[in-house]
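One gets our numbering by counting positions in the sequence shown from 1 and adding 9 to each. Note that the Cβ used here is the ideal one computed from N, Cα and C, for glycine as well.
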Amino acid sequence: MQLLCLHGPNLNLLGSREPGIYGSSSLEQINAALQQRAADMGAAIDCFHSNHEGALVDRIHQARGTVAGILINAGAYTHTSIAIRDALLGVVIPYVELHLSNVHAREPFRHHSHLADKALGVICGFGPLSYQLALEGLVQHLQSAAAAG
Ligand code: CA2
């Protein structure tokens, strides 16, 4: 089972600043843990980061036909990007939205997501563990769907 994890703007700064909000793991450490856990579950996951909306849209388009499910932390684009929403819906690949921080306990402008209502599920507030929890949910969902035919 081939999966894709997308990281949006500024997440390349993880581990260097704001550990109180986002934890102390780097993006590379998060990716390595995710790839290890995916392998344990019999899946493979490609991780992609960009600070650019169009690059994320392009990567979503490339996933069509090859990727069974997507994990996405779109960063601030979560709250602004209709283009990323349209891309996810356009390729018809199930996705889980996730965040390191509990966006609902933060500023009001972080409470709305353009992705959440069409997501399989949304995980937030567990720091780097959010990625593992989202992976768990995505893989279990895809395995159940495959077993159901
Ligand atoms: O909590 C999350 O995962 C967010 O997606 C992170 C975004 C924020 O805009 C979303 O509302 C919630 C921001 C990522 C910024 O990452 C940094 C990491 C270290 C230092 C500075 C920024």
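The beta carbon of Q141 sits closer than 8 Å to those of A42, L43, R46, all from its chain and outside the five residues before and after it, given in chain order. S122 and G51 have their C-alpha atoms some 31 Å from each other. Between Y104 and G78, the C-beta spacing is below 8 Å.
Distance from L107 to A143 at the Cβ level is roughly 4 Å; contact confirmed, criterion being Cβ atoms closer than 8 Å.
Excluding the 5 residues flanking it on each side, G136 has same chain C-beta neighbours closer than 6 Å at G32, L109, in chain order. Put simply, the segment 49–69 touches the segment 84–96. At least three CB pairs are less than 8 Å apart. Each residue's CA atom was taken as its position, placing F57 and A157 some 30 Å apart.
Under the three-state reduction of DSSP, F135 is assigned to coil, being neither helix nor strand.
Burial is judged here by how many other beta carbons sit within 10 angstroms of a residue's own beta carbon; H120 has fewer than 16 and is exposed. Distance from the CA atom of L23 to the CA atom of L36, rounded to whole angstroms, is 6 Å.
In terms of side-chain proximity, the C-beta atom of E27 is found nearer than 7 Å to a non-hydrogen atom of the ligand CA2.
Secondary structure note for A53: its beta strand (DSSP E) is the uninterrupted segment 53–58.
In the three-state reduction of the DSSP assignment, H70 falls in the helix class, which pools H, G and I.
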